[in-house]
Every structure is written in C-alpha cells, then in structure tokens.
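Asks: Residue numbers (this note's numbering), protein chains in the order written: chain A, 1 to 198; chain B, 1001 to 1198.
What follows is a structure written as structure tokens; I'll ask about it next.
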DNA sequence: AGAATTATACCAACCGGTCGGTATTTTTTG
DNA sequence: CAAAAAATACCGACCGGTTGGTATAATTCT
C-alpha cells in the first residue's frame, strides 16, 4: 500500500528534522534516526539513497513551507512600508513557532557551503527575497512614499537585518523577544526611509 | 627549547585552520591535520588534550585577532557617524583579507551552539559590540548629531547588518564586492539616522 | 503469486584517542 | 667542562567503537 509507505517516509523525515536540529547532521546517525522514527534501516534505505539525500529533501520541504507562509501574507498590503512590515511580521512569527529547532538552519548553511546541490536550494530564497524587496522599494520611491535611496542597497539592508536577527535568535532563543525586536528594527528603518511629509 | 615546541603548535593550529575552513570540523580528521602540519599524532596530543580543545584555542586566537584590528581603528574618529563608519570599514577589510576562509565562522557558530564553553567565547564579542554601539549612538543623540532613535534598537540593527552581510559574503565570496557593499549599507543607515540640518 | 515494503545481520572504513618508546634539549652534578 | 640525569617534545603503531551503507531474508499488500 502506498499509504503506509508515505507514512514511514514522513516519519523518517520528521525524526531526522528533530535530531538534526538537536544534535547536528554529522552527530546524528542513520540508526538513530531509524530508532526515533520507529523504523528499520532497511526501510530507510528503501526510501532514501543516502543520508545526504534525506537531508536535501528535508531542506526542500522546510524552505517550501517557509515560502508558503510568505506568499499568503504578502497579498493585501495597502502601502509599500506596510508590505515590508508585514513580510517581517510573517517571518518573525514563522520562526517563533519553530524557535526550538532553528538550529537546523545552521545545518542547512553548513551543508550548503560544501555541497553545490544544497547550495542551489538554500541560496535561492535569499536572492528571491532580495529581488522582491528591491522592486518593492523602487515602487515606494516612485510613488513618493519613500525617500530617494538606493533600492538595491536598501533591500540588502533588509535581507541582512533578517539574517542577522535570525542568527541572534538562534543563539539567544529566550533572552529577548525576537518577534518584538524584529518589529522595532523594521519600524526604525522604515521611519528613517519614508519621505518626510512636506 | 620552547621555540621548536611553539613552532609545531602554531603549525598545527595553522593547518587546522585551513582544513576546518575547507572541509569542516567533523570531516577533518586529526590524522589529516597532523599530515598537513608535518607532525605526528603524538605531537598533536602532546600539545592539545583533544581535537575540541584545539578548536577552542584556534577560535580564541581568531577572535582576539579580530578584536585587535578593531581597537586600532576606533581610536581617532572625529564624530559618532565617522566612528561607526570606520568600525564597519575595518570589519570589512579584515574579513576581505580572510575571505577564502570565512567558512570557519560557520564552524564556530555550529560548535558554539552545542558546546557552552565555545558559546561563551563566541558570543562575547557580539554582545560587546552591541553594548559599545549603543553607547556610541546614545552619545551621538545627546550631542545632536543623530536623530532621537532608540539606541538599543539602532545598535541591534547595525550588529544584525554586520552578521547578515557576513553570512552573504561567506556564501557569495566573488559575486559582489562586499567591502563596498558594507560601506554603502552603513552610509545609507547613517544618512537616515543623522539629524537633518535645521 | 509477485511486487512492494520492511526487518535483520553484517561489513569495511574510519576516527579520536592511547601508549610504549625514542629523540632532543635543559639542568644538574662531579 | 663534560658526563649524567631529568624533563620536554615527538613518533607511529594500535585499539575500541562507531558509522554509512549493503545483502538478504521476512512480511505485507494488491
């Protein structure tokens, strides 16, 4: 039956997700994953050709989910600053809900640095967000909402801000309310970027 | 004599630095490090109690060097914005010179996430920079150079920007001139933060 | 039955770390 | 000063344990 098969596969991915986030890719053995998933090694290698392949699929799923969250939120924004603020809010909320397993991102980055195939998947989102933000800011400038700043650079600042906050959230999960911190940071920037009422 | 001893030790650290940056901590074997350093395994374990200890020492050295670069540059700045700009410039230059081995930072972060001892060393600098930037911005506000922004938040933005740009520089070492990109980003922010001439 | 799926047993490679012993340098002693 | 003793620095074979992956048998589903 395909139902059971699919079930075991997602069991494996789920267990691997938790273990990779908890202990890291290298330190997590295949046997360990199988045990946590309640599945044998044979089943594992029936569904995945290798540990690395499992990792890639896991990452694809994760990033796709992240994208899904974004696309829903971007829809209805009245102004450019509001759109950016909403993007930030969505990102913060998504990450907040997964804050216990954010370290999986460290694993993504590490693998991405070594394996070109992983790099392709991992780097695409950032490029896309940068491009999207650039056009958004351009639009804000031409409709007079934003001051005449360099859209490319400003977009890079936002992407960097997101990455930087993410890093800090990974390492200080409780110290600070990162959702609020994100909101404050973005507002600070937007206030500094909006055209003064004349 | 201690000279030979110190020599071999630094040979080991040097070789480990390159290999860790190239292949990662886990994937780099002790034997491999020894071979690259032209030294035996016995010598290795004479100088370091464990692979992990070597890593820690390597990281301490690296971070201390980074600090040294900063302290020299911060000295003579005429204004608060100039001080920040100079900090950014120094950071960018330092990282530019080591751009081929920046991925060692990924290793730092990963180990820091697991080992509390490593975490202490790795997180201290960024806390320090955040604190320093906060007072710097506070000063800029009280002397009328900067607008009335939240110093804590603004400092966080700068730290995040640095982390974010660093991440991107690690993954796209050639695509962009990150030294220039850093300068542009910081200037954009500073321009947005300075008090308009009245 | 037979194809798909899961379980068990196993392997070869590798890895961090140890250990008995050797070479080299420094210190002590006659 | 030189011989002896001690301390330091280094060598490389070796070990216990782990790991990703495989071969093959058992089971389940259609």
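The beta-carbon is built from N, C-alpha and C at its ideal position, and this holds for glycine as well.
Since we're looking at a predicted model, the values are computed, not measured.
Can you check whether the CB of residue 1062/B is closer than 8 Å to the CB of residue 106/A?
Replies: no
Asks: Closer than 8 Å, CB to CB, is residue 1156/B near chain A or not?
Replies: At a cut-off of 8 Å, the C-beta of residue 1156/B has a neighbouring C-beta in chain A.
Asks: Looking at C-alpha atoms only, which residue of 1027/B, 1016/B, 1049/B is the closest neighbour of residue 1034/B?
Replies: 1016/B
Asks: Which chain B residues sit within Cβ distance under 8 Å of residue 153/A?
Replies: 1181, 1184, 1185, 1188
Asks: For residue 1149/B versus residue 146/A, is the C-beta spacing smaller than 8 Å?
Replies: With a cutoff of 8 Å on beta-carbon distance, residue 1149/B and residue 146/A are scored as not near each other.
Asks: Mapping the DSSP letters down to three states, classify residue 102/A as helix, strand or coil.
Replies: coil
Asks: For residue 26/A, decide whether its Cβ has a neighbour in chain B, counting only Cβ atoms nearer than 8 Å.
Replies: yes
Asks: Using beta carbons (cut-off 8 Å, strictly below), is residue 1109/B in contact with chain A?
Replies: yes
Asks: Nearest CA to the CA of residue 162/A: which residue from 176/A, 174/A, 143/A, 129/A?
Replies: 129/A
Asks: Give me, in chain order, the residues of the same chain whose beta-carbon lies closer than 8 Å to that of residue 1138/B; leave out the 5 immediate sequence neighbours on both sides.
Replies: Only 1151 meet the Cβ criterion.
Asks: Give a yes or no on whether the C-beta atoms belonging to residue 1160/B and residue 185/A are separated by under 8 Å.
Replies: In terms of Cβ geometry, residue 1160/B and residue 185/A form a close pair [threshold 8 Å].
Asks: Quick one, which of 9/A, 180/A, 89/A, 169/A has its alpha-carbon nearest residue 41/A's?
Replies: 9/A
Asks: Quick one: which unbroken alpha helix (DSSP H) runs of 4-plus residues sit fully inside the stretch 147 to 189 of chain A? Chain order, please.
Replies: Within the stretch 147 to 189 of chain A, the complete alpha helix (DSSP H) runs of at least 4 residues are 151 to 171.
Asks: Using a threshold of 7 Å, is the CB atom of residue 1063/B nearer than that to any non-hydrogen atom of the ligand HEM?
Replies: The ligand HEM is not part of the structure shown, which contains no ligands of any sort.
Asks: Count the other CB atoms within 10 Å of the CB of residue 1024/B; is the residue buried (16 or more) or exposed (fewer)?
Replies: Classification for residue 1024/B: buried.
Asks: Once DSSP output is grouped into helix, strand and coil, what is the label at residue 194/A?
Replies: strand
Asks: Please go through the same chain and pick out, in chain order, the residues whose beta-carbon is closer than 6 Å to the beta-carbon of residue 169/A, but skip the five residues on each side of it.
Replies: Closer than 6 Å at the Cβ level, and outside the excluded window around residue 169/A, lie 178.
Asks: Less than 8 Å between the CB atoms is what I'm expecting for residue 171/A and residue 1123/B, so what's the real figure, rounded?
Replies: 6 Å
Asks: Classify residue 49/A as helix, strand or coil using the three-state DSSP reduction.
Replies: coil
Asks: Can you find the residues in the same chain that come closer than 6 Å, C-beta to C-beta, to residue 1132/B, ignoring five residues on each side of it along the sequence?
Replies: none
Asks: According to DSSP, is residue 39/A helix, strand or coil?
Replies: coil
Asks: Given a threshold of 16 other Cβ atoms within 10 Å of its Cβ, counted over all protein chains shown, does residue 81/A qualify as buried or as exposed?
Replies: buried
Asks: Is the beta carbon of residue 30/A closer than 8 Å to that of residue 44/A?
Replies: yes
Asks: Closer than 9 Å between beta carbons: that is the criterion. Which residues of the stretch 27 to 60 of chain A meet it against chain B?
Replies: 27
Asks: Return the CA-CA distance between residue 1136/B and residue 39/A, expressed in angstroms with no decimal places.
Replies: Straight-line Cα distance between these residues: approximately 57 Å.
Asks: Under 8 Å, do residue 1113/B and residue 73/A count as touching if we go by C-beta distance?
Replies: no
Asks: Inspect the beta-carbon positions of residue 181/A and residue 165/A and report whether they are closer than 8 Å.
Replies: yes
Asks: Take the Cβ of residue 111/A as the centre, count every other Cβ of all protein chains shown within 10 Å, and call the residue buried at 16 or more, exposed below.
Replies: Buried, because 16 or more other Cβ atoms sit within 10 Å of the Cβ of residue 111/A.
Asks: Quick one: what's got a C-beta closer than 8 Å to residue 1144/B's C-beta in the same chain, skipping five residues either side?
Replies: 1195
Asks: Cβ closer than 7 Å: which chain A residues qualify as neighbours of residue 1192/B?
Replies: 192, 193
Asks: Residue 80/A touches chain B at which residues, Cβ-Cβ below 7 Å?
Replies: Annotation: residue 80/A has no Cβ neighbours in chain B at a cutoff of 7 Å; minimum Cβ distance is about 16 Å.
Asks: Residues in its own chain within less than 8 Å of residue 1157/B by CB, not counting five upstream and five downstream?
Replies: 1189
Asks: Does the Cβ-Cβ distance between residue 1193/B and residue 1155/B come in under 8 Å?
Replies: no
Asks: Along the stretch 1117 to 1132 of chain B, what residues have a CB closer than 7 Å to any CB found in chain A?
Replies: Taking 7 Å as the cut-off between beta carbons, the residues of the stretch 1117 to 1132 of chain B near chain A are 1123, in sequence order.
Asks: Roughly how many angstroms separate the alpha carbons of residue 28/A and residue 1007/B, rounded to a whole number?
Replies: 36 Å
Asks: Kindly indicate if chain A contains any beta-carbon less than 8 Å away from that of residue 1113/B.
Replies: yes
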